[in-house]
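Residue numbers for the sequence shown, in full-length UniProt numbering: 1 to 271.
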Amino acid sequence: MKNAIQSACLFFIYVFASCSFSRNEVSLRVDIPIEGDKTVSVFNLSNGTQVYEDTLRGEIVLDSLSYGIHLLTVMWDRDVISPNEFKRLRPHTLDNPSYYSLQKRVFIDPREGGTIRLYTPDNITKEEIEEQLLSNESNITPSVEVGGKQAKSYEVYESMLQRYRQQFQHQRDSLQNLLYHYNDRGDLQQAATVNQQLKTLWGNKILPQFEAEEQQFLIAHADQVVVPFILLSRVTSQELYQSFKPVIDAMPEKYREFGFVKGLAKLRSER
Numbered sequence: 001m002k003n004a005i006q007s008a009c010l011f012f013i014y015v016f017a018s019c020s021f022s023r024n025e026v027s028l029r030v031d032i033p034i035e036g037d038k039t040v041s042v043f044n045l046s047n048g049t050q051v052y053e054d055t056l057r058g059e060i061v062l063d064s065l066s067y068g069i070h071l072l073t074v075m076w077d078r079d080v081i082s083p084n085e086f087k088r089l090r091p092h093t094l095d096n097p098s099y100y101s102l103q104k105r106v107f108i109d110p111r112e113g114g115t116i117r118l119y120t121p122d123n124i125t126k127e128e129i130e131e132q133l134l135s136n137e138s139n140i141t142p143s144v145e146v147g148g149k150q151a152k153s154y155e156v157y158e159s160m161l162q163r164y165r166q167q168f169q170h171q172r173d174s175l176q177n178l179l180y181h182y183n184d185r186g187d188l189q190q191a192a193t194v195n196q197q198l199k200t201l202w203g204n205k206i207l208p209q210f211e212a213e214e215q216q217f218l219i220a221h222a223d224q225v226v227v228p229f230i231l232l233s234r235v236t237s238q239e240l241y242q243s244f245k246p247v248i249d250a251m252p253e254k255y256r257e258f259g260f261v262k263g264l265a266k267l268r269s270e271r
C-alpha cells in the first residue's frame with residue numbers, strides 16, 4: 001500500500017508534461033457494432049486525470065492533452081448482470097445503471113497528433129461482444145490504429161503483454177483439464193503435482209519469460225519518451241527498480257532527469 005501511494009505521488013512531481021510545446025490535434029474514432037448511446041471516457045493513467053467523458057457523437061477531438069498512457073473506455077447500457085458480478089456489487093450500487101464496457105490503453109504524445117481508431121473485428125456482433133463480457137474469463141480487448149511513433153511503440157508493447165496473458169490462459173486451461181483428469185481417476189499424487197504447477201505457472205514460468213522480452217524491448221526503445229512512462233506504470237518497489245535499472249541506464253539523460261524517474265529510486269522494498 002505504501003508503495004502504491006508513493007507511486008501515485010510521483011504522478012504529481014512530473015514537470016515535463018506541463019512544459020510548453022507545440023500540440024497537434026488528437027482525435028478519437030470508435031468503430032464498434034453497438035447501436036444507441038455510448039459513453040466514451042479517456043483517463044490519463046500517468047498523471048491521474050480525467051481527460052474526457054461524454055456521450056459519443058461521431059469523432060471526438062481531445063483537448064488539453066498531456067503525455068502519458070491513457071485508458072480509453074467505451075460504455076453502453078445493459079440489462080443483464082452475471083451472477084458472479086452481482087455478488088461483487090456493493091448494496092448501494094445496485095440501484096445505479098449498469099454498463100458493458102470495452103477498454104484499451106494507448107500512449108498519447110500531444111506533439112504527434114493524429115487519429116486514434118478504436119475498433120473490434122468486422123465479423124463480431126454486439127451479442128458476441130456482450131456474451132464474452134459476461135463470461136468469467138472475458139479477455140476481449142478492442143484494437144487500435146494509431147499514427148504516432150510513440151503510440152505505435154506502446155501498441156507493440158501492449159501486444160507483447162497480451163500475447164503472454166493468452167499464453168498463460170492457454171497453459172492454465174490445459175493444466176486444469178489435466179487436474180480434472182487425475183482427480184477423476186483418483187490419482188491424488190499426480191493431481192497434487194499438477195495443482196502446484198497451476199499455482200506457480202505465472203510467477204515461475206510465464207512472468208520471467210515476459211520480463212526478459214520486456215527488458216529487451218525497453219532497452220531497444222530507450223531513446224523514446226514512451227519508455228519512462230512504461231516504467232512509471234511497472235516499477236512499484238525497490239526490487240523492481242533494481243530489475244529495471246539497465247533500462248533506466250540506457251535512457252538518455254533528459255529522460256533519466258524526469259522527476260518521476262528519479263523518484264522511482266526512492267520506492268520502498270516489498271520485503
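The C-beta atom is built at its ideal place from N, Cα and C for all residues, glycine as well. All values reported here derive from a predicted model rather than from experimental measurement.
For residue 72, the enclosing beta strand (DSSP E) begins and ends at 68-77. By the Cβ test, the region 183-194 is not in contact with the region 246-253, since fewer than three Cβ pairs between them sit closer than 8 Å.
With respect to residue 108, residue 48 sits apart: the two C-beta atoms are not nearer than 8 Å. Under DSSP, residue 43 forms a beta bridge with 50 and 71. For residue 263, the uninterrupted alpha helix (DSSP H) segment begins and ends at 259-264. The beta carbon of residue 250 sits closer than 7 Å to the beta carbons of 219 and 222 from its chain, once the five residues preceding and following it are set aside; these are given in chain order. Residue 34 and residue 126 have their alpha carbons spaced roughly 6 Å apart.
Where residue 230 is concerned, the enclosing alpha helix (DSSP H) starts and stops at 226-234.
Taking 8 Å as the cut-off, the Cβ atoms of residue 116 and residue 156 do not count as close.
In this structure residue 131 is exposed. Its beta-carbon is surrounded by fewer than 16 other beta-carbon atoms within 10 angstroms. Between the region 165-177 and the region 230-243, the count of Cβ pairs shorter than 8 Å is below three; the stretches do not touch. In the three-state reduction of the DSSP assignment, residue 203 falls in the helix class, which pools H, G and I.
One Cα belongs to residue 163, the other to residue 266, and the distance between them is close to 32 Å.
Using a Cβ-Cβ distance cut-off of 8 Å, the region 197-209 and the region 228-242 are not in contact, since fewer than three pairs of beta carbons, one from each stretch, lie closer than that value. Linking residue 228 to residue 216 through their CA atoms gives a straight-line distance of about 15 Å. Between residue 55 and residue 103, the beta carbon gap of about 18 Å keeps them out of contact (Cβ cut-off 8 Å).
Burial check for residue 118: the Cβ neighbour count within 10 Å reaches 16 or more, so the residue is buried. Under the DSSP assignment, residue 107 falls in the beta strand (DSSP E) whose first and last residues are 99-108. Cβ contact annotation for residue 210 (same chain, cutoff 8 Å, sequence separation greater than five): 160, 161 and 164, in chain order. Cβ-Cβ distances below 8 Å link residue 179 to 191, 194, 195 and 198 in the same chain, with the five nearest sequence neighbours on each side left out; the list follows chain order.
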